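Those protein sequence lines, which keep their order, are chains W and L. Quick note: the first sequence uses the UniProt record's numbering, first residue 1, plus one each step. Quick note: the second sequence uses the UniProt record's numbering, first residue 1, plus one each step. Here a beta-carbon is modelled for each residue, glycine too, at the ideal position from N, C-alpha and C. None of the values given here were measured: they were computed from a predicted structure.
Number of protein chains: 2
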Amino acid sequence: MIQKVVVAGGGVLGSQIAFQSAFKGKDVTVWLRSPASIERARPKFERLQAVYLSTLEALRPLCGSESAYPRGLVDGLRDLRTEEIDALQARVQKAAESIRFELDLERAVRDADLIVESVAEDPRSKQAFYESLQLFLKEDAIVATNSSTMLPSAFAEGMRDPSRYLALHFANSIWQNNTAEVMGHAKTDPAVFAQVSDFARSIGMIPLELKKEQPGYILNSMLVPFLMAAQSLLVNDVADAETIDKTWVLGTGAPYGPFRILDVVGLDTAYNITKAIPGTEKIAAMLKEKIDEGKTGVQAGEGFYKYE
Amino acid sequence: MIQKVVVAGGGVLGSQIAFQSAFKGKDVTVWLRSPASIERARPKFERLQAVYLSTLEALRPLCGSESAYPRGLVDGLRDLRTEEIDALQARVQKAAESIRFELDLERAVRDADLIVESVAEDPRSKQAFYESLQLFLKEDAIVATNSSTMLPSAFAEGMRDPSRYLALHFANSIWQNNTAEVMGHAKTDPAVFAQVSDFARSIGMIPLELKKEQPGYILNSMLVPFLMAAQSLLVNDVADAETIDKTWVLGTGAPYGPFRILDVVGLDTAYNITKAIPGTEKIAAMLKEKIDEGKTGVQAGEGFYKYE
Numbered sequence: 001m002i003q004k005v006v007v008a009g010g011g012v013l014g015s016q017i018a019f020q021s022a023f024k025g026k027d028v029t030v031w032l033r034s035p036a037s038i039e040r041a042r043p044k045f046e047r048l049q050a051v052y053l054s055t056l057e058a059l060r061p062l063c064g065s066e067s068a069y070p071r072g073l074v075d076g077l078r079d080l081r082t083e084e085i086d087a088l089q090a091r092v093q094k095a096a097e098s099i100r101f102e103l104d105l106e107r108a109v110r111d112a113d114l115i116v117e118s119v120a121e122d123p124r125s126k127q128a129f130y131e132s133l134q135l136f137l138k139e140d141a142i143v144a145t146n147s148s149t150m151l152p153s154a155f156a157e158g159m160r161d162p163s164r165y166l167a168l169h170f171a172n173s174i175w176q177n178n179t180a181e182v183m184g185h186a187k188t189d190p191a192v193f194a195q196v197s198d199f200a201r202s203i204g205m206i207p208l209e210l211k212k213e214q215p216g217y218i219l220n221s222m223l224v225p226f227l228m229a230a231q232s233l234l235v236n237d238v239a240d241a242e243t244i245d246k247t248w249v250l251g252t253g254a255p256y257g258p259f260r261i262l263d264v265v266g267l268d269t270a271y272n273i274t275k276a277i278p279g280t281e282k283i284a285a286m287l288k289e290k291i292d293e294g295k296t297g298v299q300a301g302e303g304f305y306k307y308e
Numbered sequence: 001m002i003q004k005v006v007v008a009g010g011g012v013l014g015s016q017i018a019f020q021s022a023f024k025g026k027d028v029t030v031w032l033r034s035p036a037s038i039e040r041a042r043p044k045f046e047r048l049q050a051v052y053l054s055t056l057e058a059l060r061p062l063c064g065s066e067s068a069y070p071r072g073l074v075d076g077l078r079d080l081r082t083e084e085i086d087a088l089q090a091r092v093q094k095a096a097e098s099i100r101f102e103l104d105l106e107r108a109v110r111d112a113d114l115i116v117e118s119v120a121e122d123p124r125s126k127q128a129f130y131e132s133l134q135l136f137l138k139e140d141a142i143v144a145t146n147s148s149t150m151l152p153s154a155f156a157e158g159m160r161d162p163s164r165y166l167a168l169h170f171a172n173s174i175w176q177n178n179t180a181e182v183m184g185h186a187k188t189d190p191a192v193f194a195q196v197s198d199f200a201r202s203i204g205m206i207p208l209e210l211k212k213e214q215p216g217y218i219l220n221s222m223l224v225p226f227l228m229a230a231q232s233l234l235v236n237d238v239a240d241a242e243t244i245d246k247t248w249v250l251g252t253g254a255p256y257g258p259f260r261i262l263d264v265v266g267l268d269t270a271y272n273i274t275k276a277i278p279g280t281e282k283i284a285a286m287l288k289e290k291i292d293e294g295k296t297g298v299q300a301g302e303g304f305y306k307y308e
């Protein structure tokens, strides 16, 4: 049973993975590179604490839509009694207090069952992190990368035990979009794959098992072509962003259109992905222009839309 | 003001356009090619009548999700009083009784303000229909095609008055997904474009105006690459249809995943679109196999999923 979890990195997803694991009773340590990284990470955890509390608060009484339901927080879909909500909110407070921040990698990982690598999305940063990590891992530790764009096979050979390495990929707003894509490389031990799937389930996620390596996993394999198609319509002046979003929302019943999704993903992330795809120069240029204006999405207060 | 509407064709969308227009108080005639076509169309209209009635019935009391709300039936998003629901249901009954079926094209269209062409998605069928249609139209009649795959510019030159011809494209489940994409060709009169937009609004649709011709309009320009990406994952054995759908639904909050959407669209339609896209042979073969087994989607009772 995976109980001691280290999340390496305190970014948007790293903080969510750590907070959700702590909420579900895991011993969670967040490893960060420097005191400055800790200072940057802290407000993210405070914000998550507030979001979890208010999300639970909004469940009294339940008259919401299924799709907005925080499936990662409560099991099943049902009305919650007041005392249950009280108990869940107490768990949120406990989670917030229990998370340890650690700068010393050895101290962070030496007794960890699972290390979730969520460091910068850059092969050299990940390589460097893995090299140090090898020195301190206990024998049966499992290492999972949350990388969105890199394949585990790219790093497996550098692992002391490649069979205990795989990808575990979370979606943003983990407490609501509670998916965890589990993807091994050719040499991942099926027993390790199953253990990580079970871990995902134990922290309120629905594990989505991939039968083979796939760049972009399942979600981004669909999301990227969809977002590219939407951006093509915009840069070719077929319609404006609002009309395109409205079309998708009204035409498919989805809660958000592509440009709202891009604002949530972040235009800098979208730009990095776009640059790697041939034939998307016009889209990349449009994103670059907005990034240069500081309009990188929801986090920045403005992207394709303005946010309070 | 567009009041007398002819819908040419009684297929899935033709019947919905006709029923929705009648529900919103238009004089609606459905033109059909033969008594056999009328026999095939009638059950669709009976089913729509039942769907409209039960959808309204489910609004007592309203505690549903915004995305499932029948925006085409009621204006705004609010609790409805019992008497309002009674009145709307009475309107459904009146609509069902008011729709005329007509085999004689001249009688059907001679005093029509708007003809919505929703005949078979085949250029020759449309061409032949337009040729006859020209003979009987009153001078200021507007002709709109609901074609999903053809551009108005392909037919405009065959029109007596190309400036009064354009595309008006509806989504399936019109009473809920109440979009109407309005798309002119280069010579469409802007005043006609505006009139058709107003007509769409008057039958409870949200007009989505395209600034130029775009194959696939807005919705299908995004839907097709998205569905292709999903089907690639399946035919390349990355994951099964259920896992892929679950990933999309949980990861984006959408009500349906791609394979549920394909079942609704119909696998035969998906197959026809796929055949036209280079490099999709494996997907086309997979669809063909299911079609040959009679598994063409929701309407057939089975597609990627089984339906009651």
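- Uninterrupted alpha helix (DSSP H) stretches at least 4 residues long and entirely within the segment 121-173 of chain W occur at 123-136 and 153-156, given in chain order.
- Of all residues in the segment 224-238 of chain W, only V224, P225, F226, L227, M228, A229, A230, S232, L233, N236, D237 and V238 come within less than 9 Å of chain L when Cβ atoms are compared, listed by chain position.
- Within the model, the alpha-carbon separation for E308/L versus M205/L is close to 30 Å.
- Under the 8 Å criterion on CB atoms, G251/W is classed as interfacial with respect to chain L.
- Assignment of G251/L by DSSP, reduced to helix, strand and coil, places it in the helix class.
- When secondary structure is reduced to three states using DSSP, P207/W falls in the strand class.
- For L219/W, the enclosing alpha helix (DSSP H) begins and ends at L219 to V235.
- Within chain W, the C-beta atoms nearer than 7 Å to that of S221/L come from A229 and L233, in chain order.
- For T274/W, the enclosing alpha helix (DSSP H) begins and ends at L267 to K275.
- I277/L sits exposed, since fewer than 16 C-beta atoms from the chains shown fall within 10 Å of its C-beta.
- The straight-line gap separating the alpha-carbon atoms of I2/L and P225/L is approximately 36 Å.
- Within the same chain, I244 and P258 come within 6 Å of A230/L by CB-CB distance, once the 5 residues on both sides are set aside.
- Looking only at P215/L, L234/L and W175/L, the smallest Cα-Cα distance to G72/L is reached by W175/L.
- Chain-order list of chain L residues neighbouring N178/W: L250, by C-beta distance under 9 Å.
- Straight-line measurement puts the Cα of Y256/L at about 28 Å from the Cα of E57/W.
- A90/L is positioned such that its CB atom lies no closer than 8 Å to that of F19/L.
- Under the 8 Å Cβ criterion, the segment 160-175 of chain W counts as touching the segment 136-152 of chain W, having at least three qualifying pairs.
- The beta carbon of A154/L lies closer than 8 Å to those of P123 in the same chain, with the five residues before and after it left out.
- The beta carbon of Q16/L lies closer than 8 Å to those of L48, F170, N172, S173, I174 and W175 in the same chain, with the five residues before and after it left out.
- Here F259/W carries a helix assignment [DSSP, helix/strand/coil].
- Within the same chain, Cβ atoms closer than 7 Å to the Cβ of K4/W are found at D27, D111, A112 and D113, the five residues on either side in sequence being excluded.
- Below 8 Å, enough C-beta pairs join the segment 213-221 of chain L and the segment 176-194 of chain L to call them touching: three or more.
- L287/L and Y271/L do touch by the CB rule: their CB atoms are close to 4 Å apart, below 8 Å.
- The shortest C-alpha to C-alpha distance from N178/L to any of L13/L, G9/L and A8/L is the one to L13/L.
- A residue is called buried once 16 or more other Cβ atoms fall within 10 Å of its Cβ, and E131/L, having fewer, is exposed.
- Think of a sphere of 7 Å around the beta carbon of L210/W: the chain L residues whose beta carbon falls inside it are V238 and A239, in chain order.
- In the structure shown, the three-state DSSP call for V28/W is strand.
- The beta carbon of Q20/L sits no closer than 8 Å to any beta carbon of chain W.
- The alpha-carbon separation between E157/W and F136/W amounts to approximately 17 Å.
- Take A300/W, set aside five residues on each side of it, and the residues of its chain with a beta-carbon closer than 8 Å to its own are G294, in chain order.
- E102/L has W31/L as its beta-bridge partners, per DSSP.
- For chain L, none of the residues of the segment 84-113 of chain W brings a beta carbon within less than 8 Å of one of its beta carbons.
- Excluding residues up to 5 positions away in sequence, G266, L267, D268 and G303 lie with their Cβ nearer than 7 Å to the Cβ of T296/L in the same chain.
- With a threshold of 8 Å between beta carbons, Q16/L makes no contact with chain W.
- The CB of P258/W comes closer than 8 Å to the CB of M222 in chain L, given here in chain order.
- Listed in chain order, the positions of the segment 129-154 of chain L with a beta carbon within less than 8 Å of a beta carbon of chain W would be empty, since no residue qualifies.
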